[in-house]
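Its first residue numbered 1, the sequence shown is counted upward by one per residue in the UniProt record's numbering.
Where a beta carbon is used, it is the ideal one built from N, C-alpha and C, also for glycine.
Bear in mind that the values here come from a model prediction, so they are computed numbers and not experimental data.
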Amino acid sequence: MPLFSGPSLALCPFRDTSDLVDLLRLHRAVDRVGVNRVGVADTVGCATPRQVYRLVRTLRGVVSCDVEVHLHNDTGCAIANSHAALEAGATHIDTSVLGIGERNGITSLGGLIARMMVGSRDHVMSRYKLHKIKEIEDMVADAVQICALTHKAGIHAKAILANPSTFASRLTGWNAIKSRVEQLGLSMSDEQVKEVYVHQRPHLI
């Protein structure tokens, strides 16, 4: 089983077929040698909230250090899985702005905060600067040219056009406009397509 170990973190992949006894033995061992945090990662996004809860709850019972989870969103469960992990005793959740990450991304910071607000509004309001979330999301969306409402990166849209079977998401960004231009048989340069996108973008967000 792959293991990254260092002064602060020991991280094992989450798989439904993992030998739980071996996983717990491994985490107990690194906990005893003094790591600050151990964790599990659903790097292929296949876990369900129930599976995550059970695993983290069990892990929480055998280690005294912090517990971290890293969850991908391939099946759309990253936020639900993260919340289940918190309920089970996880102390750290890996997130990214707008959920940007490999393939369908990981747990969205804003999405997880919104989910936490439902059950712990006062705690969330007192601990996090919620007014900063939109500002950060807009900044990142602008930097990577995505629509903050759809969370679909333009570079992913280009990949979809190259190999439609690789991804399953809506096309956005100037690549989507370029695709439509080609479908209509129009003749426009990339610069002209980008100009159209820049002009239309304020109406899309």
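Residue i - DSSP class collapsed to helix/strand/coil
i	result
L20	helix
L71	strand
V40	strand
I93	strand
S82	helix
S108	strand
G185	coil
Contacting residues, own chain, Cβ-Cβ under 7 Å from residue i (five flanking each side not counted)
i	result
R115	I79 and H83
V63	H27, R28, D31 and V38
I136	V97
L86	I93
residue 237	Only positions 1 to 205 of the chain appear in this structure, which leaves residue 237 out of reach.
R54	none
G111	I79 and G99
V181	M188 and V193
Nonlocal neighbours in the same chain, by C-beta distance under 6 Å from residue i, ignoring five residues either side
i	result
T75	G45
E191	none
L109	T95 and V97
N104	N73 and D74
residue 262	The structure shown has nothing for residue 262, since the chain only spans 1 to 205.
P49	A80, N81 and A84
Classification of residue i by the beta-carbon crowding that lies within 10 angstroms, buried from 16 upward
i	result
L23	buried
N81	buried
A41	buried
S187	exposed
G119	exposed
V52	buried
D122	exposed
G185	exposed
8 Å contact criterion, which residue i and residue j should meet: CB distance rounded
i	j	result
V34	V67	Residue identity check: residue 34 is Gly in the sequence provided, not Val. Going by Cβ atoms, the distance from G34 to V67 rounds to 15 Å, so no, they are not a contact pair.
V193	W174	5 Å
I106	L71	6 Å
Contacts around residue i, its chain only, beta-carbon distance under 8 Å, and the 5 residues preceding and following it disregarded
i	result
T91	R37, D66, V67 and E68
V124	I113, M116, M117 and L130
V21	none
heavy atom of the ligand GTP below 7 Å from residue i C-beta
i	result
I113	For the structure depicted, the ligand GTP is absent and the ligand set is empty, with no information on it obtainable.
Count Cβ pairs between the segment 48-59 and the segment 97-107 that sit closer than 8 Å; are there 3 or more?
no
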